[in-house]
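Below is one structure, written out as structure tokens; comments come after it.
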Amino acid sequence: MDKDTATMYETEKATLYHADFLNIADGFADGSIDLVFTDPPFELAGGGMKNGKLNYENGEIFRNCGFSTKYIAFNRWIPEIYRILKNERYFYVMTNDRNLFSIHKACTDCNFKFCELLVLDKKMTVPSTYYPKRAEFILMYRKGSYRKGHFAGSTVIEERIPRGKEKRHPTEKPVAMIEHLVRCSTQENEVCLDPFMGSCSTGEACIKLNRRFIGVEIESRWFRTSQNRIKQL
Numbered sequence: 000m001d002k003d004t005a006t007m008y009e010t011e012k013a014t015l016y017h018a019d020f021l022n023i024a025d026g027f028a029d030g031s032i033d034l035v036f037t038d039p040p041f042e043l044a045g046g047g048m049k050n051g052k053l054n055y056e057n058g059e060i061f062r063n064c065g066f067s068t069k070y071i072a073f074n075r076w077i078p079e080i081y082r083i084l085k086n087e088r089y090f091y092v093m094t095n096d097r098n099l100f101s102i103h104k105a106c107t108d109c110n111f112k113f114c115e116l117l118v119l120d121k122k123m124t125v126p127s128t129y130y131p132k133r134a135e136f137i138l139m140y141r142k143g144s145y146r147k148g149h150f151a152g153s154t155v156i157e158e159r160i161p162r163g164k165e166k167r168h169p170t171e172k173p174v175a176m177i178e179h180l181v182r183c184s185t186q187e188n189e190v191c192l193d194p195f196m197g198s199c200s201t202g203e204a205c206i207k208l209n210r211r212f213i214g215v216e217i218e219s220r221w222f223r224t225s226q227n228r229i230k231q232l
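Each residue of the sequence shown is one higher than the last, beginning at 0 in numbering that gives the first Met the number 0.
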């Protein structure tokens with residue numbers, strides 16, 4: 000499968016691909032994207048949470064908080080992000096504490112420049128072997144030289160994560176948080192990419208701010224959820 004043959008849903012402001020990002024990455028031109036924000040699948044050392052309990056099953060791959068999904072090594076997809084991002088543009092990637100160094104190494108190995116470590120205070124705690132966890136992290140990088148943005152606020156972002164009926168996806172992130180980062184780092188009509196879009200929170204944030212959104216999702220369920228979400232905007 001390539002970008003031209005992948006299942007696609009398109010509107011005036013968004014293009015969604017039902018595909019594995021690595022399978023269609025070649026279809027994105029060098030330097031064609033203004034911003035990348037993503038919450039990628041990653042490996043949890045302790046297995047994460049499953050059915051409300053700590054899970055230690057060997058070999059199980061989880062997206063944070065116990066959602067089983069396909070894990071792709073950071074050093075396989077991050078170089079593609081560097082290639083398709085324009086110069087003087089920004090890349091935000093969410094992670095937990097266990098994967099900070101692995102992501103940082105993958106980014107710096109392909110010449111991304113580290114800008115900032117941001118913290119999402121989720122206003123709730125998750126059980127852990129040691130101290131209950133309340134935060135997730137957002138690593139911010141740039142390609143090339145500094146580009147002036149509107150970097151308001153601080154390095155700690157306090158936003159409640161979606162819960163209950165408002166929650167479309169097991170690891171959904173607050174749209175308000177993503178809006179803040181998109182607003183700080185881009186201008187209207189610029190192109191934003193999320194290569195692991197889940198339920199399309201990034202897409203909603205971009206469309207609300209009059210940015211063009213491109214999203215990629217490998218799982219059929221979440222691709223359908225994303226389609227429906229975009230239709231309602």
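We put the CB at the ideal spot given by N, CA and C, even for glycine. Source: prediction; values computed, not measured.
Going by beta carbon distance, what residues of the same chain come within less than 7 Å of residue i, once the five residues before and after it are set aside?
i      : result
Met139 : Tyr89, Tyr91, Cys114, Glu115 and Leu117
Asp33  : Lys85, Arg88, Thr185, Glu189, Val190 and Cys191
Cys109 : Ile77, Pro78 and Tyr81
Ser153 : none
Thr10  : Ile229
Arg182 : His149 and Leu208
Rounded to whole angstroms, what's the CA-CA distance from residue i to residue j? Just pull it up for me.
i      : j      : result
Phe27  : Glu189 : 15 Å
His179 : Arg75  : 28 Å
Ile23  : Glu218 : 15 Å
Gly214 : Tyr16  : 6 Å
Met176 : Glu158 : 7 Å
Lys112 : Lys142 : 6 Å
Val35  : Asn98  : 19 Å
Lys2   : Leu21  : 10 Å
Thr124 : Met93  : 17 Å
Arg211 : Ala18  : 19 Å
Ile102 : Glu135 : 14 Å
Ser31  : Val174 : 24 Å
Thr107 : Phe100 : 10 Å
Lys104 : Pro40  : 17 Å
His149 : Ser200 : 21 Å
Lys121 : Tyr130 : 15 Å
Ser127 : Thr4   : 43 Å
Asp29  : Ala204 : 24 Å
Glu216 : Ile137 : 20 Å
Glu59  : Ser144 : In this prediction, Glu59 has a pLDDT of 37, which is less than 50 and means its spatial position is unreliable; nothing more can be read from the coordinates.
Compute the minimum distance between the beta carbon of residue i and the heavy atoms of the ligand FAD, and state whether it is under 6 Å.
i      : result
Arg167 : With respect to the ligand FAD, the structure offers nothing, as it holds no ligand at all.
Counting only the same chain and skipping the five closest in sequence on each side, list residues whose C-beta sits under 6 Å from that of residue i.
i      : result
Gly197 : His168 and Trp221
Thr254 : Here the chain comprises residues numbered 0 to 232, so residue 254 is not present and cannot be evaluated.
Tyr8   : Leu15 and Gln226
Thr224 : Arg167 and Ser198
Thr6   : His17
Classify residue i as buried or exposed, calling it buried when 16 or more other Cβ atoms lie within 10 Å of its own Cβ.
i      : result
Gly202 : buried
Ala72  : exposed
Asp38  : buried
Asn227 : exposed
Val155 : exposed
Glu187 : exposed
Asn95  : buried
Thr170 : buried
Lys172 : buried
Asp193 : buried
Hey, does residue i have any beta-carbon neighbour from chain B nearer than 7 Å?
i      : result
Ala175 : Absent from the structure is chain B; it holds one protein chain and no more.
Within its chain, find whatever has a CB closer than 8 Å to the CB of residue i; leave out the 5 residues flanking it on each side and keep chain order.
i      : result
Ile206 : Lys12, Ala13, Phe212, Ile229 and Leu232
Asp25  : Asp1 and Lys2
For this session: Can you check the stretch 167-224 for any alpha helix (DSSP H) of at least 4 residues that lies completely inside it and give the ranges in chain order?
Result: Counting only runs of 4 or more, we get 174-184 and 200-207.
For this session: Scan the stretch 6-48 and note each continuous alpha helix (DSSP H) run of 4 residues or more that stays entirely inside, going in chain order.
Result: Whole alpha helix (DSSP H) segments, 4+ residues: 20-23.
Problem set entry | Length at least 4, wholly inside the stretch 64-95: the alpha helix (DSSP H) runs in chain order | Runs found: 73-83.
Exercise. Whole beta strand (DSSP E) runs in the stretch 101-156 with 3 or more residues, listed along the chain?
Worked result: Counting only runs of 3 or more residues that sit fully inside the stretch 101-156, the beta strand (DSSP E) segments are 112-125 and 132-142, in chain order.
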